[in-house]
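*Asks:*
Protein chains: 2
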Amino acid sequence: MASETGSPAKADEDVRASADESFEGVTPDAARRLLLGAVEAFAERGFHATTTRDIAGRAGMSPAALYIHYKTKEELLFQISKVGHERSVSVLAEAADGGGTDADRLARAVRHFVRWHAEHHTTARVVQYELAALGEEHYEEIVELRRRSEEILRGVLESGDASGEFEVADIRGTTLAVMSLCIDVARWYSPKGRRTPDEIGTLYADLVQRMVTSQAVA
Amino acid sequence: MASETGSPAKADEDVRASADESFEGVTPDAARRLLLGAVEAFAERGFHATTTRDIAGRAGMSPAALYIHYKTKEELLFQISKVGHERSVSVLAEAADGGGTDADRLARAVRHFVRWHAEHHTTARVVQYELAALGEEHYEEIVELRRRSEEILRGVLESGDASGEFEVADIRGTTLAVMSLCIDVARWYSPKGRRTPDEIGTLYADLVQRMVTSQAVA
DNA sequence: AACGGGGCTGAGCAGTTGCTTAGGTCCCCG
DNA sequence: CGGGGACCTAAGCAACTGCTCAGCCCCGTT
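Those sequence lines, one after another, are chains R and G. Under the numbering used here, think of the first position of the first sequence as 1, with each following residue one higher. Under the numbering used here, think of the first position of the second sequence as 219, with each following residue one higher.
Have a look at this one:
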């Protein structure tokens, strides 16, 4: 907020810290700066309330420069969504694929997934809450990625349930609930809060663990 | 776990029922129609992507008519947010205040809160995800209401933890998690889905129950 | 019948939006 | 040296935005 006339040399570390290293590979440099500016702006104000002038300004460029690197404003959102989703899916997949019991895999998956949503809450907010602004084709492509993360999680629950390690009455519903829990972190997390991303991840992993474990009957 | 059936299927068969009976008291009629139109539009496209012309159109009126009943578009959002929050807080409070063990109170609270978010998902979506578009003063007022619902839930957890009925390591964190779970229902729920609001409420109440209960040590 | 006022509309204003276009600068290649 | 492509800007267009205003209709009161 309040950086309309900010010095161009300014918040490079700021942007990098809050807005992600996931876009490191994007070239040329100007295209990456535009992406980072867009992530920031979309997360702060939402897609529709963000102007192309704002995005270009954050990247230290004129409004017209945006259209050299991206066809439309929506394509900018799509790139963010795509890269962000790919990143989060791969975080989840890696955690769930590791060895150990199904309980281990589940705990690791939740912890890492949550941690990603907290650490990259700026990107995650855009990724999770601005989907509706995507064009139809782009939307379909993203939905496919989301299906993947749901399937990964469901796979762990099914495996644990089949082996008797878990006791889950409604696997699909529980999967959805766990996803909700993790995703919603991006909505409320603030680096100023009292908990670190890792602490939240650990807490949530524990809560989820309890959700799927059979209870001592009172 | 008293049976609190109430009327069997008091669901209004009106198609508009999805858009809420919470605004029944709003008069005159035109003002209410505008509110309902705004809820629909905001839920579909988001506040910033919705035009005053769209809202007025849904209410069957000319764009200018909106300004007879509301000062700005933002005030429309504020009214929706306020009424919606008041409604959801009162649903939560009523459920948590009822008798029974703390486990009963918690289960009832989650079930009713979730059910509200599913049944009134259109309103809930606006209420929960469009806050950022509110003006500063209005925003503060709404945040206060949200604090209330968090406190109600935390109260139940604290009570159950103190009495030994629950075993919660991190009460604030768990409160937040439960709130997340319930609220996020509004984001993904669709009446076309395979689950009824009541089924989701019951499932979630069970999941939360497990979250706060001490585990059988394997 | 005359009045008055709330409810509503058609027309439109000033400002903003996403995006385009014509032209400039730089640097790499021959 | 000169040509060409990548990159960027200033200026601006057409469309749309939230919102206003003069005036019309309708209805209960006098």
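Positions of the beta carbon are idealized from the N, C-alpha and C atoms, including for glycine.
For residue 266 (chain G), return the contacting residues in chain R, with the cut-off set at a CB-CB distance below 7 Å.
*Replies:* Near residue 266 (chain G) (Cβ distances below 7 Å), the residues of chain R are 46, 48 and 49.
*Asks:* Is the Cβ of residue 139 (chain R) closer than 8 Å to any Cβ of chain G?
*Replies:* No, because no Cβ of chain G sits closer than 8 Å to the Cβ of residue 139 (chain R).
*Asks:* Using a beta-carbon distance cut-off of less than 8 Å, what residues from the segment 166–182 of chain R approach chain G?
*Replies:* Cβ contacts with chain G come from 169, 170, 173, 174, 176, 177, 180 and 181.
*Asks:* Could you check whether the Cβ of residue 347 (chain G) sits closer than 8 Å to any Cβ belonging to chain R?
*Replies:* By this cut-off, residue 347 (chain G) is an interface position.
*Asks:* Suppose the cutoff is 7 Å on Cβ atoms and the five residues either side in sequence are ignored; what does the same chain contact list for residue 32 (chain R) look like?
*Replies:* Correct list, in chain order: 23 and 26.
*Asks:* Quick one: Cα of residue 134 (chain R) to Cα of residue 314 (chain G), how far?
*Replies:* Taking the straight line joining both Cα atoms gives about 40 Å.
*Asks:* Tell whether a beta-carbon distance below 8 Å holds between residue 141 (chain R) and residue 47 (chain R).
*Replies:* Against a cut-off of 8 Å, the Cβ pair of residue 47 (chain R) and residue 141 (chain R) comes out as no contact.
*Asks:* Excluding sequence positions up to five away, which residues of its chain have a Cβ less than 8 Å from the Cβ of residue 204 (chain R)?
*Replies:* So the qualifying residues of the chain are 110, 111, 114, 181, 182 and 185.
*Asks:* Within 10 angstroms of the Cβ of residue 281 (chain G), are there 16 or more other Cβ atoms? Answer buried if so, exposed if not.
*Replies:* The residue in question, residue 281 (chain G), is exposed, as its Cβ has fewer than 16 Cβ neighbours within 10 Å.
*Asks:* Is it a yes or a no for the segment 118–128 of chain R touching the segment 58–75 of chain R, going by three-plus beta-carbon pairs under 8 Å?
*Replies:* Short answer: they don't touch.
*Asks:* Hey, out of R:169, R:189 and R:171, whose CA is closest to residue 395 (chain G)'s CA?
*Replies:* When only C-alpha atoms are compared, the closest one is R:189.
*Asks:* Under 8 Å Cβ-Cβ, which residues of chain G neighbour residue 195 (chain R)?
*Replies:* Chain G residues near residue 195 (chain R): 391.
*Asks:* When you compare only the Cα positions, how much space is there between residue 156 (chain R) and residue 106 (chain R)?
*Replies:* Whole-angstrom Cα-Cα distance: 6 Å.
*Asks:* Specify, as a first and last residue, the run of the alpha helix (DSSP H) that residue 31 (chain R) falls within.
*Replies:* Where residue 31 (chain R) is concerned, the enclosing alpha helix (DSSP H) stretches over 29–45.
*Asks:* Taking 8 Å as the CB-CB limit, is residue 204 (chain R) close to chain G?
*Replies:* Chain G contact via Cβ: present.
*Asks:* What does a CB cutoff of less than 6 Å around residue 116 (chain R) pick up in its chain, not counting 5 residues either side in sequence?
*Replies:* Correct list, in chain order: 88 and 91.
*Asks:* At the level of alpha carbons, what is the spacing between residue 384 (chain G) and residue 108 (chain R)?
*Replies:* Approximately 25 Å between the Cα atoms of the pair.
*Asks:* Sort G:267, G:239 and G:272 by Cα distance to residue 255 (chain G) and report the nearest one.
*Replies:* Closest by alpha carbon: G:272.
*Asks:* Starting from residue 349 (chain G), trace the alpha helix (DSSP H) in both directions and tell me its first and last residue.
*Replies:* Looking at the DSSP string, residue 349 (chain G) is not in any alpha helix (DSSP H), and its letter there is neither H nor E.
*Asks:* So, at 7 Å on beta carbons, what are the nonlocal neighbours of residue 83 (chain R) in its own chain, with the 5 sequence-adjacent residues on each side left out?
*Replies:* 22 and 23.
*Asks:* What span of residues does the alpha helix (DSSP H) with residue 432 (chain G) cover, start to end?
*Replies:* Here residue 432 (chain G) belongs to no alpha helix (DSSP H), and DSSP marks it neither H nor E.
*Asks:* Compare the C-beta of residue 213 (chain R) against all C-beta atoms of chain G and say whether one is closer than 8 Å.
*Replies:* Answer yes: the Cβ-Cβ gap between residue 213 (chain R) and chain G drops below 8 Å somewhere.
*Asks:* Which stretch, first to last residue, makes up the alpha helix (DSSP H) that contains residue 185 (chain R)?
*Replies:* From DSSP, the alpha helix (DSSP H) with residue 185 (chain R) extends over 171–188.
*Asks:* Comparing alpha-carbon positions, which option in G:270, G:337, G:363 and G:320 lies nearest residue 289 (chain G)?
*Replies:* With distances taken between Cα atoms, residue 289 (chain G) lies closest to G:270.
*Asks:* Going along chain G in order, which residues have a C-beta closer than 7 Å to the C-beta of residue 161 (chain R)?
*Replies:* Going along chain G, no residue has its Cβ under 7 Å from residue 161 (chain R), so there is no contact; the nearest lies around 14 Å.
*Asks:* Taking residue 179 (chain R) and residue 144 (chain R) to be in contact with their CB atoms under 8 Å, please state how far apart those CB atoms are, rounded to whole angstroms.
*Replies:* About 15 Å separates the two Cβ atoms, so there is no contact after all.
*Asks:* Buried or exposed: residue 342 (chain G), going by 16 or more other Cβ atoms within 10 Å of its Cβ?
*Replies:* Result: buried.
*Asks:* Is there a Cβ from chain R that is less than 8 Å from the Cβ of residue 350 (chain G)?
*Replies:* It does; some Cβ of chain R falls within 8 Å.
*Asks:* Just to make sure I have the definition right: I need the residues of chain R whose C-beta is within less than 7 Å of the C-beta of residue 443 (chain G). Which are they?
*Replies:* Look at the range of chain G in this structure, 219 to 436, and you will see that residue 443 (chain G) is not part of it.
*Asks:* Using the C-alpha atoms, what's the distance from residue 278 (chain G) back to residue 321 (chain G)?
*Replies:* Their Cα atoms are separated by approximately 48 Å.
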